[in-house]
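Chains as they are written, first to last, in this note's numbering: chain X, 143 to 571; chain F, 143 to 571. Below: the structure, in structure tokens.
2 protein chains.
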Amino acid sequence: MAKVIGIGLLGCGTVGTAVAEALTTTANPGLRAGLKLELRRVLVRNARKKRGLNLPAGVLTTEGQTVVTDPKVEIVVELLGGLEPARTLVLAALAAGKHVVTANKYLLAVHGHEIFAAARAANRCVAFEASCGGAIPIIGALLGGLAANDITQLVGIVNGTCNYILTQMTRGGQSYATALAGAQAAGYAEPDPTFDVNGTDSAHKLAVLAALAFGGRVDLASIACRGIDTLQDQDLRYGKELGYICKLLAIADKTAGGVSLQVRPTWVPADHPLANVHGSYNAIMVEGSLCGTALFYGRGAGPKPTASAVLGDVLEVALGVAPARFASLPRLDWQKDLKLVPSGKLTSRNYLRVTVRDVPGVLAKVTRLLGTQKISISAVVQHETNQGQFVPVVIMTHAAPQHQLDTALKAIDQLPEIGAPTVCMPVLG
Amino acid sequence: MAKVIGIGLLGCGTVGTAVAEALTTTANPGLRAGLKLELRRVLVRNARKKRGLNLPAGVLTTEGQTVVTDPKVEIVVELLGGLEPARTLVLAALAAGKHVVTANKYLLAVHGHEIFAAARAANRCVAFEASCGGAIPIIGALLGGLAANDITQLVGIVNGTCNYILTQMTRGGQSYATALAGAQAAGYAEPDPTFDVNGTDSAHKLAVLAALAFGGRVDLASIACRGIDTLQDQDLRYGKELGYICKLLAIADKTAGGVSLQVRPTWVPADHPLANVHGSYNAIMVEGSLCGTALFYGRGAGPKPTASAVLGDVLEVALGVAPARFASLPRLDWQKDLKLVPSGKLTSRNYLRVTVRDVPGVLAKVTRLLGTQKISISAVVQHETNQGQFVPVVIMTHAAPQHQLDTALKAIDQLPEIGAPTVCMPVLG
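Next up, the structure:
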């Protein structure tokens, strides 16, 4: 006899519908584990909307409290997104003795410490595999299989919308505007895609992943964040000429002084595994003291892949696996701040596009200013133009500390021959 | 205060030494989880051998029973390899109330049912992440994050030695003999590499992974197994010309009739993620009903990567995560046989190298015999030679059932113009 576990669902958009569908079809995802997961309450905005779901009468409700306090609900699945009412309902669910499964990285990045403390106080757990990397079980890997490692670096493509847009721009030669419109038409981008394209969503996920990988609470404001919305088409072309692909990367580096966190459009060598992650796929690469390099790849978004992670969590909660993990791991205690260092201390290679007037001696001036900061040059590309006009000069540098580069760029942009602020993008390596 | 957990180690070869080293250095891998893992007994063959380890007096022993019955040992880590005395000591450890962590795929593939039954009877768990894929947490993924999926296919490069040899042959142009000797010199291959190169080790891992992915006990004899020891250098060259890379793949396909299991050198399109897994790295690709395609990549062998998986398991056991998982999942009950179907029922594209005398009409005869079995041809390559001599003709077929191909090949090899048995290798797809 299968043990029956009552599930309450907060939110029934595309992901919620996929979860509800999996729970109400004949092959219940819990059966192989000896469980029957039963959907008992679903919070919706409109109870009369057609959903193509075969739900028993009385399951749908427009009252969140009904879901989180129902005595027949043992696990509450939060798929509302955003901060409120998600935060209030999650805290109410924990207070009512329910375990919580959530896909909400925004909520965890901002209120994770409060929610985890509430869960501990209530002796319940919060599982959140679906919050980062879609179907990729990266959180289980960090807390489980890789737990004995001292993690030194974590680099991820964690936003499927941006990766879809960048793929269309790089491989399809589309402009940013066309690719964004295409992503919206294909259902990858929200009607308001701001959080995706400006890097905020990636920063939320990086905050969650870094807290687990390095152990401590991450202040969102400490993540240096730049999105793909400021990219210029010509840079993608120049980078490609030099053998690099642009990816929006969430990067955590552990150095002697602390952990540095940043989200930035970054050049990846064309033969690097992350360069070959296309479309809406995600991938996360981890460097550990014992495991060396490990990479996790899969669908980063979409109803079914997210439902895969949500239901995996539901099963682990129901089986007692997630509660044991949550109760035992102090690293989940986000009360303690993670020691962070600004990314300016980091060393990286960089791509520079300098807009110079094509007059004698200007390249010498630019390179001398780089040399003054001990930044050496690995490649220069300047295509032929008419003399006297502004022309882009692309410079790839060898590795140099960010603050030295910043100093050099400030000086370069003050030269009278410079026609526009220099574009600077780091190279992964 | 960290909770202290006593560890007993069976075997102190390269992996055992890496585990012992991690447990005896200042940064104990358990500390972040609030645990102190303490190495209390180590079974060695020679207690006087220098190991460069800083172990307290009395830890080393040449008596296995001393390790598995020591009241101060709570978790026994089996790193002996092979069937005996590993089986006897693991059963004794469980009977003595110890949890067991093992890296031994051979032991699990042959005696898994007996060992799991003994663990259940003793209310203890067996954790075995290190048995497949080295540092890659694939077992945790199958039992955790991906557990809600109906898995339809699992394809893995699970033997680092073979992948190293194939990489040297494909990218370095080395012969099989040279590449094997290089793998032995580099420490990737055992002095007796038979189990690696003939596919047996991959079959052991496939048996373990398939049991978890599909739920049931796998009869090792039902795995169609071919290794890389029968490959011919010329085939790697011809395949490369056509845009394919040869990988030794462990493949599980779920069809309506059951699961089909095989280990075979297989052609992978050069732009497929598995084609870009080089050297001793491993990768495992999973197709699931919800997750779609997921891929896990990392170091498949070596002391530290294996220690990463072993110590991850030790932590999960100590935290109660692994026991909860082991106790709750009937899929771990390998008493029930998995329903298997022979791979002859599978459909695949194939690479054929036919050795024909270069006389008029012979290609027509060969292609007619393929046509009789409804096997159509996607590409043919024949380089120029002297008329009348034997010449290799390479044929890529479209997808066809294995049994039809077998019938066609039998007829082709009976033609008087055929100078050697036709070489046949499947194409992944």
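We put the CB at the ideal spot given by N, CA and C, even for glycine.
Rounded to whole angstroms, what's the CA-CA distance from X/Pro-198 to X/Leu-151? Just pull it up for me. Your numbering for residue 198 of chain X matches position 56 in the first sequence. Your numbering for residue 151 of chain X matches position 9 in the first sequence. Approximately 14 Å between the Cα atoms of the pair.
Per DSSP, what are the beta-bridge partners of F/Gln-404 in this structure? Working through the second sequence from its first residue, we reach residue 404 of chain F at position 262. F/Gln-404 is bridged to F/Ala-366 and F/Ile-393.
Tell me, to the nearest whole angstrom, how far the beta carbon of F/Leu-511 is from that of F/Ala-469; I am working on the premise that it is less than 8 Å. As a first step, residue 511 of chain F must be located in the second sequence, where it is residue number 369. As a first step, residue 469 of chain F must be located in the second sequence, where it is residue number 327. The Cβ separation is near 56 Å, so there is no contact.
Any alpha helix (DSSP H) of 4 or more consecutive residues that is wholly inside the region 319 to 374 of chain F: 336 to 339 and 342 to 352
With distances taken from CA atoms, which of F/Ala-264, F/Thr-208 and F/Asn-492 is nearest F/Asp-548? Along the second sequence, one-based indexing puts residue 548 of chain F at 406. Checking every option, the nearest Cα to that of F/Asp-548 belongs to F/Asn-492.
Same chain, Cβ closer than 8 Å to X/Cys-433, five either side skipped, listed in chain order: Position 291 of the first sequence, counting from 1, holds the residue named residue 433 of chain X. Excluding residues within five positions, the ones whose Cβ falls inside 8 Å are Leu-288 and Asn-291.
Identified DSSP bridge partners for X/Asn-301: As a first step, residue 301 of chain X must be located in the first sequence, where it is residue number 159. X/Asn-301 is not bridged to any residue.
Quick check on the burial criterion: 16 or more other C-beta atoms within 10 angstroms. Buried or exposed for X/Ala-169? Taking the first sequence and counting its residues from 1, one reaches residue 169 of chain X at position 27. The residue is exposed, with fewer than 16 neighbouring Cβ atoms inside 10 Å.
Roughly how many whole angstroms lie between the Cα atoms of X/Lys-507 and X/Leu-480? Here residue 507 of chain X refers to the residue found at position 365 of the first sequence. Here residue 480 of chain X refers to the residue found at position 338 of the first sequence. Their backbone Cα atoms lie some 42 Å apart in a straight line.
If I measure Cβ to Cβ from X/Cys-274 and keep anything under 7 Å in the same chain, skipping five residues before and after, which residues do I get? Within the first sequence, numbered from 1, the residue matching residue 274 of chain X stands at position 132. The answer, listed in chain order, is Lys-247, Ile-280, Ile-281, Val-300, Lys-347, Val-350 and Leu-351.
Run through the DSSP bridge pairs and tell me what F/Arg-499 is partnered with. Residue numbering aside, residue 499 of chain F sits at position 357 when the second sequence is read from its first letter. Looking at the DSSP assignment, F/Arg-499 forms a beta bridge with F/Phe-532.
May I ask which residues mark the beginning and end of the alpha helix (DSSP H) holding F/Pro-445? Here residue 445 of chain F is taken as the residue at index 303 of the second sequence, counted from 1. First-last of the alpha helix (DSSP H) with F/Pro-445: 445 to 460.
Take X/Thr-435 as the anchor and find which of X/His-414, X/Ala-189 and X/Thr-159 has the nearest alpha-carbon. Locating residue 435 of chain X in the first sequence gives position 293, where the first residue counts as 1. Among X/His-414, X/Ala-189 and X/Thr-159, the Cα nearest to that of X/Thr-435 belongs to X/His-414.
Using a Cβ-Cβ cut-off of 9 Å, state whether F/Pro-411 counts as contacting chain X. One-based indexing of the second sequence puts residue 411 of chain F at position 269. No, its Cβ sits nowhere closer than 9 Å to a Cβ of chain X.
Does the beta carbon of X/Ser-470 come closer than 9 Å to any beta carbon on chain F? The residue you call residue 470 of chain X lines up with position 328 of the first sequence. Yes, X/Ser-470 lies at the interface with chain F (some Cβ there is under 9 Å from its Cβ).
For X/Gln-326, the nearest candidate out of X/Tyr-306, X/Ala-251, X/Arg-313 and X/Asn-340 (CA to CA): Locating residue 326 of chain X in the first sequence gives position 184, counting from the first residue. Ranking the options by Cα distance to X/Gln-326, first place goes to X/Tyr-306.
Put X/Asn-246 into one of helix, strand or coil per three-state DSSP. Counting from 1 along the first sequence, the entry for residue 246 of chain X is found at position 104. Residue state, collapsed to three classes: coil.
Counting only beta-carbon atoms, is F/Leu-512 nearer than 9 Å to chain X? Taking the first residue of the second sequence as position 1, residue 512 of chain F is located at position 370. At least 9 Å separates the CB of F/Leu-512 from every CB of chain X.
Where does the unbroken beta strand (DSSP E) through F/Phe-270 begin, and where does it stop? In the second sequence, residue 270 of chain F corresponds to position 128, counting from 1. Note, F/Phe-270: premise wrong, no beta strand (DSSP E); not H, not E.
For X/Tyr-423, which residues does DSSP report across the bridge? Taking the first sequence and counting its residues from 1, one reaches residue 423 of chain X at position 281. X/Tyr-423 is bridged to X/Arg-441.
Should F/Ala-398 go down as buried or exposed, given a rule of 16 or more other Cβ atoms within 10 Å for buried? One-based indexing of the second sequence puts residue 398 of chain F at position 256. Exposed is the call here.
Could you name the residues of the same chain whose beta carbon sits closer than 6 Å to that of X/Pro-465, not counting the 5 residues immediately before and after it, in chain order? For this step, residue 465 of chain X is matched to residue 323 along the first sequence. Cβ within range, chain order: Cys-267.
Delimiting residues of the alpha helix (DSSP H) encompassing X/Val-483: Looking up residue 483 of chain X in the first sequence gives position 341. Premise fails: X/Val-483 is in no alpha helix (DSSP H) and is neither H nor E.
Partner residues on chain F for X/Asp-292, Cβ-Cβ distance less than 8 Å: Here residue 292 of chain X refers to the residue found at position 150 when the first sequence is read from its first residue. Chain F residues near X/Asp-292: Ala-169.
9 Å Cβ cutoff, F/Val-501 in contact with chain X: Taking the first residue of the second sequence as position 1, residue 501 of chain F is located at position 359. Chain X contact via Cβ: absent.
Mind checking which residues open and close the alpha helix (DSSP H) that includes X/Thr-167? Numbered from its first residue, the first sequence carries residue 167 of chain X at position 25. Looking at the DSSP string, X/Thr-167 is not in any alpha helix (DSSP H), and its letter there is neither H nor E.
My output table needs one value for F/Leu-602: the three-state DSSP class, helix, strand or coil. With chain F covering 143 to 571 only, the question about residue 602 of chain F has no answer from this structure.
Counting only the same chain and skipping the five closest in sequence on each side, list residues whose C-beta sits under 7 Å from that of X/Arg-467. As a working note, residue 467 of chain X is residue 325 in the first sequence. So the qualifying residues of the chain are Leu-285.
DSSP bridge partner residues for F/Ile-147 (one or two, in chain order): One-based indexing of the second sequence puts residue 147 of chain F at position 5. Paired residue(s): F/Leu-179.
Applying the 10 Å Cβ sphere with the 16-neighbour rule, what's the burial state of X/Leu-185? In the first sequence, the residue the question calls residue 185 of chain X occupies position 43. Looking at its Cβ environment, which holds 16 or more other Cβ atoms inside 10 Å, X/Leu-185 is buried.
Inter-residue spacing [alpha-carbon to alpha-carbon] between F/Thr-336 and F/Gly-486: Taking the first residue of the second sequence as 1, we reach residue 336 of chain F at position 194. Taking the first residue of the second sequence as 1, we reach residue 486 of chain F at position 344. Their backbone Cα atoms lie some 26 Å apart in a straight line.
Count the other CB atoms within 10 Å of the CB of F/Asp-343; is the residue buried (16 or more) or exposed (fewer)? Numbered from its first residue, the second sequence carries residue 343 of chain F at position 201. Residue burial is scored here from C-beta neighbours: F/Asp-343 has at least 16 other C-beta atoms within 10 angstroms and is therefore classed as buried.
Can you tell me the Cβ-Cβ gap for F/Gly-276 and F/Ala-451, rounded? I've got them flagged as a contact below 8 Å. Residue 276 of chain F sits at position 134 when you count from the first residue of the second sequence. Residue 451 of chain F sits at position 309 when you count from the first residue of the second sequence. So it is a contact: roughly 7 Å between Cβ atoms.
Looking at X/Leu-373 and X/Pro-407, is the spacing between their C-beta atoms short of 9 Å? For the purposes of this step, residue 407 of chain X is taken as residue 265 along the first sequence, with counting starting at 1. For the purposes of this step, residue 373 of chain X is taken as residue 231 along the first sequence, with counting starting at 1. Between X/Pro-407 and X/Leu-373, the gap from beta carbon to beta carbon is short of 9 Å.
Under 8 Å by Cβ, that's how I've got F/Gly-440 and F/Ile-293 pegged, so tell me the actual separation to the nearest angstrom. Translated into positions along the second sequence, residue 440 of chain F becomes position 298. Translated into positions along the second sequence, residue 293 of chain F becomes position 151. With a Cβ gap of about 20 Å, F/Gly-440 and F/Ile-293 do not count as contacting.
Are the beta-carbon atoms of F/Gly-153 and F/Leu-249 separated by less than 9 Å? Walking along the second sequence from the start, residue 153 of chain F turns up at place 11. Walking along the second sequence from the start, residue 249 of chain F turns up at place 107. Pairing F/Gly-153 with F/Leu-249 gives a Cβ-Cβ distance that is not under 9 Å.
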